[in-house]
Every structure is written in structure tokens, then in C-alpha cells.
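Asker: Per mature numbering (1 follows the signal peptide of the UniProt record, and there is no 0): the sequence shown = residues -30 to -1, 1 to 299.
Backbone N, C-alpha and C fix where the C-beta goes; we use that ideal spot for every residue, glycine too.
Below is one structure. I have some questions about it.
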Amino acid sequence: MNSILSSLCRRSVACLAVLAAAAAPLPAQAQTISITAVDAGAPDLGVVISAASGDTIFRIAPGDGLVTKLSGGGLRPGSGTARGHVTLTCTGSDSCESASQTVTIGASGTLTGRARALTNFTIAPGSNPPTLGTPSGTNTISFTVSSIPRDASRDFYVGADFGIAADGTSGLATSGFLVDVPAGAIGGTAQATVRRPISLTKTSDLSFGTIAAPTSGSGTVTFDAGSGALEVTGTGARVLTGSGAALAQYTVAGESGQSFSIDMTPLEMTGAVTLPVTLNNDAAATPLLAGSPNDEGSYSFRIGGSFSVSHDTPAGLYSGDFVVTVLYD
């Protein structure tokens, strides 16, 4: 048998090469994990009211998308979730199931509006996640991914700290980030719609002046914010000349074109007795801050009120406090 094999091989020198080639292992398929998608405009904080000064830092949690304020004087009126979303795909290879590749995420691109660069990146499994390795780093985060079947996709969520500055223009603010794998990279964008802080300035207090009470029965003192008229009803009741009556006056400043609401706490004037006051104002049903687009706007309004008085209301000084609050709609 040995002599026959030897003879065959001597007759065909090429047989050794053929046998060697047949015995050599096939080259391994290269694994290809690519970034299929990074959701556009995510995370999106929605409307954010900037602070009067200094940065406001919002933290976006990747697990549930909840947004919390870490520091600063700004606020986020809404309560919706916001987080980044990344989808990976393994193309034409079975090795993505067991082998791992490194994913890197970091701040990238040009900042617009009042946005600050994203920091403190975090990740969490998506609805159909790969196996995620333990991340390292924060401002640039690196981690491994594996367990992605051939020609299948897997996803994960991205969180970060997003700062909004007090200075600069209002409107859309964007801060970019880059998701990088060996096969390529895709950028994403975090965004927020920034409004100037709303503020309220008082220019005068409400004063009903000096009132002569009715000589009998009861009457009503009414100071109308719309007309500015101060009237008293009841037998013998009147407003004394030179009494110093004045409506309260306020000016609101904030984002031009935005509507806002006005809230007034109840007022009770106290002296020898307590006189409950019903407040009124001359603001529109839906007041708007007037001004050029993306600029500061203003709005002024007045506050008056009414209360009952009777012939036996003790004479003397009556005073009280009320609080006025304005909020964006």
C-alpha cells in the first residue's frame, strides 16, 4: 500500500500541493457591525426656560428617558422623556454573535443657540439589545457590544448631561454627539427649544385711597383695573378728594410672542376688622409678550379690586399683601 501511494504521488507532483491546499483552513469571515441609525433630534428636551445667569444642567437618564435638573436657575416646564437611541446591525457574518467590537460615544460637531457640549454619557439596553460591556469613561464613553445574530439589528439608549447657557439667542439649541464603531460612525443631535426667563416687575402698589363709609346700610368699593374708575356705592359713601388712590401696575418681560398666565393670591385687608378683597386685572384672556421674534418681549397690566364696607365698619387704616405670579403657557 505504501509503495502504491508513493508511486502515485511521484507520477503527479501536483498532488502534494492539492492535498496541502485542501488541508489548509479557510480564512475567517470578517465581522461587520455597522451603525444602522441614530434617531434624529434625540434626545429632545423640548421647551427649556433658561436661567437669568449661569448655566443650567439637565441630566438625561438612558434607562427611562427621565430628565432631572442637576444645577442652575433654569427649568423645564414639561415632563416628557428624552434619550438618544442607536441601532446596530451585523451584516454578512456569523461572528458578531460571539465576538465583540468596541463602540465609542463622545461630543462632536458645532454647538448652536444656548447649548453646551454634552458630557457624562451613559447607556442602557434598548428594546432588543446586544450584550453590552461595562462602559469606561464619561465625556467620551467606550464599551463593547456582542451577541448580534447574522443580518440582525440590536439597539441601545444613550443618556448624557445637557447644559443650557443663560446668554445668547433664544430658539433652537443643538449639541452633537458621535457614535463610532470600527466600520464607521454616525452623528446624533441633542436639542432643546430655549426661551428667555419670564420676569415680573411692580411699578406701583394698589391703593384704594380714603373712603367715607356709608351712613347707613352697606356698600361696595370697586376699583376697576380696565377703566381705572374708583366707585363707591351705599348711602352717603364716597371717595374723599386727594385720597391717593392708585391701581397696582406690573410689567412682564420674557420671550417675545409667548403667551403666559397671571395668578393672584387672595387678598384680605386687616385693621380693626378684616375686609376680604376680590382682585381684578385688565390683562387679555391670553396675554402675549410683544416684541420682535427671538427677542425680548414685554407686557404691562394693572390690578384693581373690590370689597364691601358698611356703616359700622370701624374707621382706620386697612392693609394686606397679595402675590402675583406669571408663568409661560
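For serine 65, name the three-state secondary structure that DSSP assigns.
Answerer: helix
Asker: Would you mind sorting glycine 274 into buried or exposed? The rule is 16 or more other CB atoms within 10 Å of its CB.
Answerer: Looking at its Cβ environment, which holds 16 or more other Cβ atoms inside 10 Å, glycine 274 is buried.
Asker: One question on the structure: do isoleucine 168 and glutamine 71 come within less than 7 Å of each other, judged by their Cβ atoms?
Answerer: no
Asker: Please report the residue range of the beta strand (DSSP E) in which arginine 165 lies.
Answerer: 154 to 165
Asker: Roughly how many whole angstroms lie between the Cα atoms of threonine 173 and aspartate 233?
Answerer: 17 Å
Asker: With a threshold of 8 Å on Cβ separation, who are the neighbours of glycine 62 within its own chain once the five nearest residues in sequence on each side are excluded?
Answerer: Gln(-2), Thr2, Arg120 and Asp121
Asker: Taking 8 Å as the threshold, find out whether the stretch 250 to 266 comes into contact with the stretch 207 to 215 through three or more Cβ pairs.
Answerer: Touching, no, given that fewer than three Cβ pairs across the two stretches are closer than 8 Å.
Asker: Between which residues of its own chain and threonine 80 is the CB-CB distance below 8 Å, once the five residues before and five after are set aside?
Answerer: Here the set comprises Gly146.
Asker: Does DSSP put aspartate 14 in a helix, a strand or coil?
Answerer: Strand at aspartate 14.
Asker: Is the beta carbon of proline 32 sitting closer than 7 Å to the one on isoleucine 75?
Answerer: no
Asker: Just to check my reading of the structure: leucine 259 and serine 231 have Cβ atoms closer than 8 Å, yes? What is that Cβ distance to the nearest angstrom?
Answerer: Leucine 259 to serine 231, Cβ: 12 Å. No contact.
Asker: Which partner residues does leucine 200 have in the DSSP bridge list?
Answerer: Phe193
Asker: Whose CA, out of Ser186, Phe113, Leu200 and Asp137, lies closest to the CA of glycine 179?
Answerer: Minimum Cα distance to glycine 179 is reached at Leu200.
Asker: Check whether the Cβ atoms of aspartate 109 and threonine 89 lie closer than 7 Å to each other.
Answerer: Note that residue 109 is asparagine in the sequence shown, not aspartate. Cβ distance < 7 Å, so asparagine 109 and threonine 89 count as in contact.
Asker: Would the beta-carbon of aspartate 299 fall within 7 Å of that of arginine 272?
Answerer: Note that the C-beta distance between aspartate 299 and arginine 272 is not below 7 Å.
Asker: Does the count of Cβ pairs from the stretch 47 to 54 and the stretch 123 to 137 closer than 8 Å reach three?
Answerer: yes
Asker: Report the three-state DSSP secondary structure of proline 95 (helix, strand or coil).
Answerer: strand
Asker: Looking only at DSSP bridge pairs, what is phenylalanine 147 linked to?
Answerer: Note: phenylalanine 147 sits in a beta bridge opposite Ala77 and Gly158.
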